[in-house]
C-alpha cells in the first residue's frame with residue numbers, strides 16, 4: 001500500500017506493485033475519494049508544512065554560519081590577547 005500525493009488525490013492510499021521499477025498499473029484505491037473541500041484543505045496544510053520545513057532548513061544553516069563566526073571571533077580574541085601580552 002502506497003500513498004498518493006498528487007493534487008487530485010492527496011493522502012489517498014492505493015495498492016502498488018512490490019517489484020521496484022515495474023510498470024504494473026494501479027489496481028485499486030484503498031481509501032474512498034474525498035470531497036474537493038477536504039482535498040483543498042489537505043493541499044493547503046501540505047503547502048504550509050513544506051514552507052515550515054524549508055524555513056527550518058534555512059534557520060539551521062543560519063545557525064551553523066553564526067556559530068562558525070562566533071568561534072572565529074573567539075579565536076581572534078584569544079590571538080589578540082596573546083599577541084598583546086607578548087608585546
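In the UniProt record's numbering, the protein residues as written are 1 to 87.
The beta carbon of each residue, even a glycine, is placed where N, CA and C say it ideally should be.
Quiz item: What is the DSSP secondary structure of residue 33, reduced to helix, strand or coil?
Solution: Assigned with DSSP and collapsed to three states, residue 33 falls in coil, not helix or strand.
Does the beta-carbon distance from residue 30 to residue 1 come in below 8 Å?
Yes, these two residues count as a Cβ contact at 8 Å.
Best match in 33, 20 and 18 for proximity to residue 6 [C-alpha to C-alpha]:
Of the residues 33, 20 and 18, the one whose Cα lies closest to the Cα of residue 6 is 33.
Query raised in the report: Near residue 43, which residues of its chain fall below 8 Å by C-beta distance, leaving aside the five closest residues on each side in sequence?
Result: Excluding its 5 nearest sequence neighbours in each direction, residue 43 has C-beta neighbours in its own chain below 8 Å: 7 and 10, listed in chain order.
Inset, instruction - Indicate the three-state DSSP secondary structure (helix, strand or coil) for residue 22 in the structure shown. - result: DSSP places residue 22 in coil when its eight states are reduced to three.
Quiz item: From this set, 21, 63, 20 and 3, which residue's C-alpha is nearest residue 14's C-alpha?
Solution: Nearest to residue 14 by C-alpha distance, out of 21, 63, 20 and 3, is 3.
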